[in-house]
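Chemist: These protein sequences, in sequence, are chains A and B. Sequential numbering of the first sequence, starting at 21, is according to our numbering. Sequential numbering of the second sequence, starting at 166, is according to our numbering. Just so you know, even glycine gets a beta-carbon here, dropped at the ideal spot from N, CA and C. Okay, handing you the structure first.
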Amino acid sequence: MPTPSAETRVPVTILTGFLGAGKTTLLNRILTEQHGKRIAVIENEFGEIGVDQELVINAEEEVFEMNNGCICCTVRGDLIRILSNLMKRRDRFDYILVETTGLADPGPVAQTFFVDDEMQAQVALDGIVTLVDAKHIWEHIDDSQEAKEQVAFADVILLNKTDLVASADLDRLEARLKAMNAAAQIYRTHNARVDLDRVLHLGGFNLDRALSVDPKFLEPEYPFEWSGVYTLAAGDYALELEPGSDPSMDVVLLPLPEASSEALEASKMPTVLLFSEVPQIVHPGETILPAQRLMQLQLDERAMRFLVHLPQAGTYALFTEHKPEEFQARFLHLPSGIMAQPMLQHDYKPDHQHDDQVSSVGINLPGDLDEKRLNAWLRDLLSTKGTDIFRMKGVLSIKGKKHRFVFQGVHMLFDGRPDRPWGKEARHNSLIFIGRHLDRAALTAGFKECLA
Amino acid sequence: MKPLRHFTTLTRLWAASLSDHIIALTWSPDGRYVAAAAIDGPIQVLDGATGTLVAQYAGHRFGTMALAWKADSQLLASGGQDGVIRLWDINTGTVLSTLEAGAMWVEHLAWSPAGDAFPPQQVLASAAGKTLRLWESTGHLLRSYPEHPSTIAAIQWQPHAPYLTSAAYSRVALWDITSDTPQRDFQWKGSILTMSWSPDGRYIAAGEQDATVHFWFAKTGKDLQMWGYPTKVRALSWSADSRWLATGGAAEVTVWDCLKSPAGSKPLQLRAHDQLLSHLAWQHRGPWLASAGDDGRLALWKPARSTKAMAGVRLHAALTKLAWSPDDQCLAIGTALGTVCAVATPP
Numbered sequence: 021m022p023t024p025s026a027e028t029r030v031p032v033t034i035l036t037g038f039l040g041a042g043k044t045t046l047l048n049r050i051l052t053e054q055h056g057k058r059i060a061v062i063e064n065e066f067g068e069i070g071v072d073q074e075l076v077i078n079a080e081e082e083v084f085e086m087n088n089g090c091i092c093c094t095v096r097g098d099l100i101r102i103l104s105n106l107m108k109r110r111d112r113f114d115y116i117l118v119e120t121t122g123l124a125d126p127g128p129v130a131q132t133f134f135v136d137d138e139m140q141a142q143v144a145l146d147g148i149v150t151l152v153d154a155k156h157i158w159e160h161i162d163d164s165q166e167a168k169e170q171v172a173f174a175d176v177i178l179l180n181k182t183d184l185v186a187s188a189d190l191d192r193l194e195a196r197l198k199a200m201n202a203a204a205q206i207y208r209t210h211n212a213r214v215d216l217d218r219v220l221h222l223g224g225f226n227l228d229r230a231l232s233v234d235p236k237f238l239e240p241e242y243p244f245e246w247s248g249v250y251t252l253a254a255g256d257y258a259l260e261l262e263p264g265s266d267p268s269m270d271v272v273l274l275p276l277p278e279a280s281s282e283a284l285e286a287s288k289m290p291t292v293l294l295f296s297e298v299p300q301i302v303h304p305g306e307t308i309l310p311a312q313r314l315m316q317l318q319l320d321e322r323a324m325r326f327l328v329h330l331p332q333a334g335t336y337a338l339f340t341e342h343k344p345e346e347f348q349a350r351f352l353h354l355p356s357g358i359m360a361q362p363m364l365q366h367d368y369k370p371d372h373q374h375d376d377q378v379s380s381v382g383i384n385l386p387g388d389l390d391e392k393r394l395n396a397w398l399r400d401l402l403s404t405k406g407t408d409i410f411r412m413k414g415v416l417s418i419k420g421k422k423h424r425f426v427f428q429g430v431h432m433l434f435d436g437r438p439d440r441p442w443g444k445e446a447r448h449n450s451l452i453f454i455g456r457h458l459d460r461a462a463l464t465a466g467f468k469e470c471l472a
Numbered sequence: 166m167k168p169l170r171h172f173t174t175l176t177r178l179w180a181a182s183l184s185d186h187i188i189a190l191t192w193s194p195d196g197r198y199v200a201a202a203a204i205d206g207p208i209q210v211l212d213g214a215t216g217t218l219v220a221q222y223a224g225h226r227f228g229t230m231a232l233a234w235k236a237d238s239q240l241l242a243s244g245g246q247d248g249v250i251r252l253w254d255i256n257t258g259t260v261l262s263t264l265e266a267g268a269m270w271v272e273h274l275a276w277s278p279a280g281d282a283f284p285p286q287q288v289l290a291s292a293a294g295k296t297l298r299l300w301e302s303t304g305h306l307l308r309s310y311p312e313h314p315s316t317i318a319a320i321q322w323q324p325h326a327p328y329l330t331s332a333a334y335s336r337v338a339l340w341d342i343t344s345d346t347p348q349r350d351f352q353w354k355g356s357i358l359t360m361s362w363s364p365d366g367r368y369i370a371a372g373e374q375d376a377t378v379h380f381w382f383a384k385t386g387k388d389l390q391m392w393g394y395p396t397k398v399r400a401l402s403w404s405a406d407s408r409w410l411a412t413g414g415a416a417e418v419t420v421w422d423c424l425k426s427p428a429g430s431k432p433l434q435l436r437a438h439d440q441l442l443s444h445l446a447w448q449h450r451g452p453w454l455a456s457a458g459d460d461g462r463l464a465l466w467k468p469a470r471s472t473k474a475m476a477g478v479r480l481h482a483a484l485t486k487l488a489w490s491p492d493d494q495c496l497a498i499g500t501a502l503g504t505v506c507a508v509a510t511p512p
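Here it is, written out as structure tokens:
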């Protein structure tokens, strides 16, 4: 079924969040403030809507499995039935709000809008808004799969009940949520009071908006926290470390063409790929040679010394999994014992692996994509990793196409269309994956292979 | 649609107009009336011969969903989003009973047929959400079955046997009117949208959300799956002799020959529509198959003779429902804009 180019479909916003997070308050706020509009509300049976509203339909969250070609997914059968009926009416709705129960996995409700042709032709998922109870979320965020998924699926997160929480705790919470879902807009609210423009009419495809609000969000998290550039004479050196937080540290030492930040930047992505390889184990006293490979320094209780042999003079970059100061690392020339000082150094945003593997991977690459290779890669990726990829969104530059291609997806399902022409804007690709156990290096490498 | 040789363009016998999308359309068993319901609620009873308005009922708050005539043509049952069933006395235009169906959205109603196999007093089956109930025509609740595990997608009385059939996610079940436990069930992990018994009672066919048609052989419980449809299958109709099953799920009508078993066979493909089919209806006894599409086209076929449309007409709005008169002489058509019209069966 062709996707309409001008958006004539009725927008749907999904409201998720644990019981008591403020979903009903927000619903009532929307209905009160948008009273001129025809809004249909599909709520779960426990909801309570205060406004006298004729268009409230109770839905029982009936999730069923559906085989869609080779793809298996779960959808909400009750929603298909209800929306199909609503869309047949002559007096069309301006907007549809779907509230889920607190314990609901947002996957099936979101997938419903991609998997059914009738739904896809008539309604468009505008956004997923997740309400988070800033005080009580800590009770769930570590062990509730649903709470994590509700955060991971969100386009917008309302950090609600902020009046009950100290601002330092809010900062901590916001950082935690951001680590799980870098693409979501996070707003702090009290009584779910928020400018409705921030939760409605987001436009499912509007990645630009996300970029404009938080330009950092596509800055990837790296598997290393530090890099330093040294210009060194040939000879022997020592890397000395004190015991630290980890029993090992991954490092890469490789030659650079010159001591510049451009050269360091250029070596960053190849190094990300090296960090995904199986490391060579290096014990204290053993020798490290500069090479395109990952080494894992084995650290024990005592102070340790690793030998470094440089066969020739030149510029070298050292990438380390942790910040050198965490291990009081010293890089010494032998036998003089003079400390080598980096010409340049860079700290990187750490990987958030502590967070139950729910994370975001952003990729930002200039250039054009080969459509065939892109399709093949996506097909393979979604069929093998689709269950772990909760959401993805992006703007792509396809070779030979004048228009930007914008897309969003939920698990294995995908909805994309041409957007405005590139015009004078530099052609580039921005995409983000949010999910569980995402392999940044593999995703980045795979996507790079699709460049024309 | 290009006029073909031997193609008859049908002319309207009459037309009537309701407020919105026709969601239910049904002839009274005596052929005198056509009852039509608009999705926003109103119900009209029209004269079958002239289309003249005989009665207008307010129907249901939030919308009517289902209509069913009792065999004596004196009583019309309606169900709606308000969760109630109303029994209308066609002679006085009054509501005889208002019955609580047990949940909102009364989507399916079915009177037991008149016949030796069935209760002498006709009973009405209603399905609302997960609740299946049986009623006497007086409005007395006969039975409320245990809640189904999911919303009931279709109900039908089994041909030549006193069992009520219900279809829901992953199960078709047969119910005795005197027992709370299903007499039989047919399982398949799929989301059923519509279900239809072959008139001879040999097969149950189901149209599914995942763009397949499922068959069960009633006797053995063996099943078959037909796939390859472009989209979900909402329309099914059996020919009177139970040989042919016409299915939607595409712009083409797919017709399976079920004389032996459709397994491994290649179906007939009938092409006249350029948008999805909304309804299919074989005549009660005659050879004609009618297809209705979102493109506003009606096409009439004799698939056993030809895969070309032999008659048809195009209306100004998407077609939603079809209903053959009991004598097969006339076909009523409902549209998305609330029009109801009738065409005469070609010779």
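1. Please list, in chain order, the chain A residues whose beta carbon lies closer than 9 Å to that of D205/B.
2. Which residue comes first and which comes last in the alpha helix (DSSP H) that contains M269/B?
3. Using a Cβ cut-off of 9 Å, pull out every chain A residue sitting near A501/B, in sequence order please.
4. Residues of chain A with CB closer than 9 Å to the CB of T396/B, please, in chain order.
5. Would you list the one or two residues that DSSP bridges to P275/A?
6. Who pairs with L442/B in a beta bridge, going by DSSP?
7. Using 8 Å as the threshold, is the C-beta distance between S277/B and Q321/B below it?
8. If we cut at 8 Å on Cβ distances, does F84/A have a partner in chain E?
9. Output, in chain order, the set of chain A residues within a Cβ distance shorter than 7 Å of S356/B.
10. Please state if the CB of S268/A and the CB of Q365/A are separated by a distance shorter than 8 Å.
11. Once DSSP output is grouped into helix, strand and coil, what is the label at G248/B?
12. Counting only the same chain and skipping the five closest in sequence on each side, list residues whose C-beta sits under 7 Å from that of T251/A.
13. Suppose you measure from the CA of L178/A to the CA of A266/B; what does that come to, to the nearest Å?
14. Along the stretch 366 to 383 of chain B, where does the CB come closer than 7 Å to a CB of chain A? Name the residues.
15. Is there a Cβ from chain B that is less than 8 Å from the Cβ of N78/A?
16. Beta-carbon within less than 6 Å of A501/B's beta-carbon, same chain only, minus the 5 sequence neighbours each way: which residues are those?
17. Would you mind reading off the limits of the beta strand (DSSP E) that contains W397/A?
18. Here's a check: name, in chain order, each residue in its chain whose Cβ is nearer than 7 Å to the Cβ of K467/B, leaving out the five neighbours to either side.
19. Among the candidates R58/A, L123/A, F134/A and Y115/A, whose CA atom is the shortest distance from the CA of M86/A?
20. Which partner residues does Q287/B have in the DSSP bridge list?
21. Nearest-angstrom Cα distance between A141/A and S104/A?
22. State buried or exposed for W234/B, treating a residue as buried only when at least 16 other CB atoms are found within 10 Å of its CB.
23. For L197/A and V171/A, which I take to be in contact (beta-carbon distance under 8 Å), what is that distance rounded to the nearest angstrom?
24. Compute the distance between the beta-carbons of F295/A and I383/A, then report whether it is under 8 Å.
25. Okay, do the stretch 386 to 395 of chain A and the stretch 105 to 122 of chain A touch, 3+ Cβ pairs below 8 Å being the bar?
26. Short of 7 Å Cβ to Cβ, which residues in the stretch 433 to 463 of chain B face chain A?
27. Below 8 Å between beta carbons: does that hold for G56/A and K181/A?
28. What residues match up with S243/B in a beta bridge as DSSP calls it?
29. Under DSSP, the alpha helix (DSSP H) around R49/A begins and ends at which residues?
30. Using the C-alpha atoms, what's the distance from Q374/B back to V219/B?
31. Compute the Euclidean distance between the alpha carbons of W179/B and A509/B, then round it to the nearest angstrom.
32. Could you give the first and the last residue of the continuous alpha helix (DSSP H) run that contains K468/A?
33. Counting only beta-carbon atoms, is M360/B nearer than 8 Å to chain A?
34. When you check each C-beta in the stretch 307 to 319 of chain B against every C-beta of chain A, which residues fall closer than 7 Å?
35. Can you give the Cα-Cα distance for S265/A and V298/A, rounded to whole angstroms?
36. Is M391/B close to chain A, meaning its C-beta is less than 8 Å from at least one C-beta of that chain?
Modeler: A quick look at the data gives this:
1. Neighbours of D205/B on chain A, chain order: R109, R110 and D111.
2. Where M269/B is concerned, there is no enclosing alpha helix (DSSP H), given that its DSSP letter is neither H nor E.
3. Against A501/B, the close residues of chain A are K108 and R110, in the order they occur along the chain (beta-carbon pairs closer than 9 Å).
4. Within chain A, the residues near T396/B are M21, D136, D137 and E138.
5. Note: P275/A sits in a beta bridge opposite Y336/A.
6. Partner(s): G458/B.
7. Taking the C-beta atoms as reference points, Q321/B is found no nearer than 8 Å to S277/B.
8. Protein chains A and B are contained in the structure displayed, whereas chain E is not.
9. In chain order: F84, M86 and G97.
10. Result no, Cβ atoms of Q365/A and S268/A do not sit closer than 8 Å.
11. Coil at G248/B, not helix or strand.
12. Excluding residues within five positions, the ones whose Cβ falls inside 7 Å are A279, T335 and M363.
13. Distance between the alpha carbons of L178/A and A266/B: 40 Å.
14. Within the stretch 366 to 383 of chain B, those residues whose Cβ lies closer than 7 Å to any Cβ of chain A are, in chain order, Q374 and D375.
15. It does: the Cβ of N78/A has a partner Cβ on chain B nearer than 8 Å.
16. If you ignore the 5 residues before and after A501/B, its C-beta comes within less than 6 Å of the C-beta of H186, A482, A483 and T485, all in its own chain and listed in chain order.
17. Looking at the DSSP string, W397/A is not in any beta strand (DSSP E); the run it does join, the alpha helix (DSSP H), is E391 to K405.
18. Around K467/B: P452, W453 and M475.
19. Of R58/A, L123/A, F134/A and Y115/A, the residue nearest in Cα terms is F134/A.
20. When DSSP reads this structure, Q287/B sits in no beta bridge, so it has no partner.
21. As the crow flies, the alpha-carbon of A141/A is around 11 Å from that of S104/A.
22. Burial call: buried.
23. Right, their Cβ atoms sit about 6 Å apart.
24. Going by C-beta atoms, F295/A is not nearer than 8 Å to I383/A.
25. Cβ pair count under 8 Å is below three, so no.
26. Within the stretch 433 to 463 of chain B, no residue qualifies.
27. With a cutoff of 8 Å on beta-carbon distance, G56/A and K181/A are scored as not near each other.
28. Within the DSSP bridge table, the entry for S243/B names L232/B and R251/B as partners.
29. Secondary structure note for R49/A: its alpha helix (DSSP H) is the uninterrupted segment K43 to E53.
30. One C-alpha to the other measures close to 38 Å.
31. Each residue's alpha carbon lies about 10 Å from the other.
32. Per DSSP, the unbroken alpha helix (DSSP H) holding K468/A starts and ends at R460 to K468.
33. No, M360/B does not count as interfacial toward chain A.
34. So the list reads S315 and T316, given in the order they occur along the chain.
35. The straight-line gap from Cα to Cα measures roughly 21 Å.
36. Residue-level contact check: M391/B does not touch chain A, since none of the beta carbons of chain A fall below 8 Å from its beta carbon.
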